[in-house]
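Protein chains: 2
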Amino acid sequence: MDRRRKVPNPLALVVLAWLLSQPLHPYELGRRLQGSGQDRHIKYTRSSLYMVVEQLARAGFITEQETVRDGQRPERTVYAITDTGRTEFYEWLRGLVAEPQDEYPQFAVALSLLSLLAPREAVALLRKRQEALTTKVEETRKLMQEAIDNGVRWIFLVEEQYALAMMDAESRYLTELTSSLTDPGYIRSWQETFGSIT
Amino acid sequence: MDRRRKVPNPLALVVLAWLLSQPLHPYELGRRLQGSGQDRHIKYTRSSLYMVVEQLARAGFITEQETVRDGQRPERTVYAITDTGRTEFYEWLRGLVAEPQDEYPQFAVALSLLSLLAPREAVALLRKRQEALTTKVEETRKLMQEAIDNGVRWIFLVEEQYALAMMDAESRYLTELTSSLTDPGYIRSWQETFGSIT
DNA sequence: TCTATCATGTAACCAGTTACATGATTTT
DNA sequence: AAAATCATGTAACTGGTTACATGATAGA
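Chains as they are written, first to last, in the working numbering: chain A, 1 to 198; chain B, 1 to 198.
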């Protein structure tokens, strides 16, 4: 059913998206990724960009269209999306929207080891996290407001809305969790179980 | 400030955690990871386990303690955590709890490209996702209930609680989003902007 | 004109995954 | 006793990151 993608790196998806409307060379792609703020939701470096472009070309999703040279600058190769590339893009996007992926947030691992920290310390650390989250939420809100003031339509901000919803939920969960951790019953049982170690 | 970890793979963190209480060989580590369900929140394969163990040894966080042979089975090398390994573990864990990491859920990327899908289709796909999420939520609930029935204490289920909270929040966000996408104003403006393309 | 920074890319290295190997035990 | 599966690991390949290179433009 779900054929594994030939080029699974999400960076490849956004490269295809940009090439949908016009051929571009890698460097320009990089500039647009940054300019559009998409690099906030993707792991992007120039090197990985060149790599991904190469992989896409090998897979036949894009083709080298021409090589231009501008003065004495290095040659830039311009790539265009192919028909199979277009198909791949839409299939992939639909899949990502419709099917939750298995992802592995590091915080879940940390939580699974939370019993190894003394309750007092755990609570202090979780509060610190909550503060950091609050800061990030404010930054995101500001970013969105500025975008809106500049006439950006909401559809181009859904990913930020989503991030906000997630951070908000995490924050509420943290409140609940710290409250459970300060329960005297838990503190006592922690001391009985782990108090001797360390 | 935040020294980059010598062995950044989260699998290394849980390996250190298990070795905290006793020396083990890689295969046994793998069994325990699976047995404890920790493999649900981490990317784990046998090969990556061997790799990580090797990296930890190179970094001095664990040491080869002895090599035992049991009949004609391959030799198993038993590893023990070192003092610097212990320090690394606690520092790392504290950091993960206190500082939100930058992570890159694929769904955020998909959302940032949502405008490329026709509103009707986008809504249909999002509804499908929501159903899938509901199923996962139910599975997790069941898992937790079974664990509790078997006497597992809540502290060993916090990571599942967290996952639940996140899935729940995502689901609520999806409701909001689909409702925005069915707004006639949006549908019209989409047709004006993208209706011509494909 | 010297220095800094931009523009553009390559190369070398390390991490992670997939595929393969092989004796031991269990099932039919 | 043949087939399946468990126990245990190695090897080969591919992806991704860090470090390096070098001419062009802009600022002091």
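The C-beta atom is built at its ideal place from N, Cα and C for all residues, glycine as well.
Pairing V123(A) with E176(A), the inter-Cα distance amounts to about 11 Å. Checking the DSSP bridge columns, you'll see A80(A) partnered with T63(A). In the three-state reduction of the DSSP assignment, L49(B) falls in the helix class, which pools H, G and I. In this structure, the CA atom of A57(A) is about 35 Å from the CA atom of L133(B). E192(B) sits exposed, since fewer than 16 C-beta atoms from the chains shown fall within 10 Å of its C-beta. Within the stretch 27 to 42 of chain B, contact with chain A at the beta-carbon level (separation under 8 Å) is assigned to Q38, H41, I42.
By the 16-neighbour rule on beta-carbons within 10 angstroms, S179(A) is exposed.
Counting C-beta pairs closer than 8 Å gives three or more between the stretch 101 to 117 of chain A and the stretch 159 to 170 of chain B, which meets the contact rule. One thing to note: Q65(B) has its Cβ no nearer than 8 Å to the Cβ of Y50(B). For I81(B), the closest Cβ of chain A is not nearer than 8 Å. From the beta-carbon of P105(B), the residues of chain A found nearer than 7 Å are E103.
At a Cβ-Cβ threshold of 8 Å, E91(B) and P105(A) do not count as neighbours. Only residues of its own chain outside the window of five on either side were considered, and among them G60, F61 have a CB closer than 7 Å to the CB of T84(A), listed in chain order. Below the 7 Å Cβ cutoff, chain B contributes Q38, H41, E159 as neighbours of S112(A), in chain order. Within the stretch 121 to 133 of chain A, the residues whose Cβ lies closer than 9 Å to any Cβ of chain B are, in chain order, E121, A122, A124, L125, L126, R127, K128, R129, A132, L133.
Taking a beta-carbon distance threshold of 8 Å, F156(B) counts as an interface residue toward chain A.
Contact check for P26(B) against V53(B) passes: the beta carbons are separated by less than 8 Å.
By the beta-carbon neighbour count (other beta carbons within 10 angstroms, threshold 16), E75(A) is exposed.
Cβ neighbours of A118(B) within its own chain (closer than 6 Å, five residues either side excluded): none.
Annotation: L24(A) has no Cβ neighbours in chain B at a cutoff of 8 Å; minimum Cβ distance is about 16 Å.
CA-CA distance, K142(A) to E139(B), rounds to 37 Å. Against chain B, a Cβ distance below 8 Å from K136(A) picks out P100.
Annotation: G37(A) is outside any alpha helix (DSSP H) and is labelled neither H nor E by DSSP.
Between the alpha carbons of K43(A) and N150(A) lies a distance of about 26 Å. In this chain, the alpha helix (DSSP H) harbouring F194(A) covers 184 to 194.
At a cut-off of 8 Å between beta carbons, M166(A) contacts chain B. Residue contact with chain A for L19(B): absent (no Cβ-Cβ distance below 8 Å to any residue of chain A). Contacts with chain A at 8 Å (Cβ-Cβ) do not include S171(B).
Among the residues facing chain B, R94(A) is included, as its CB has a counterpart in that chain under 8 Å away.
For A108(A), the nearest beta carbon of chain B is closer than 8 Å to its own beta carbon.
With contacts defined by Cβ atoms closer than 8 Å, L33(A) and F89(A) do not form a contacting pair. Between the C-alpha atoms of Y186(B) and G95(B) there is a straight-line separation of about 43 Å. For L20(B), the closest alpha carbon among the candidates R120(B), R86(B), M144(B) is that of R86(B). The C-beta distance from K136(A) to P100(B) rounds to 7 Å, short enough to meet the 8 Å contact threshold.
DSSP, read as helix, strand or coil, puts L113(A) in coil. S47(A) and G30(A) have their C-alpha atoms roughly 10 Å apart.
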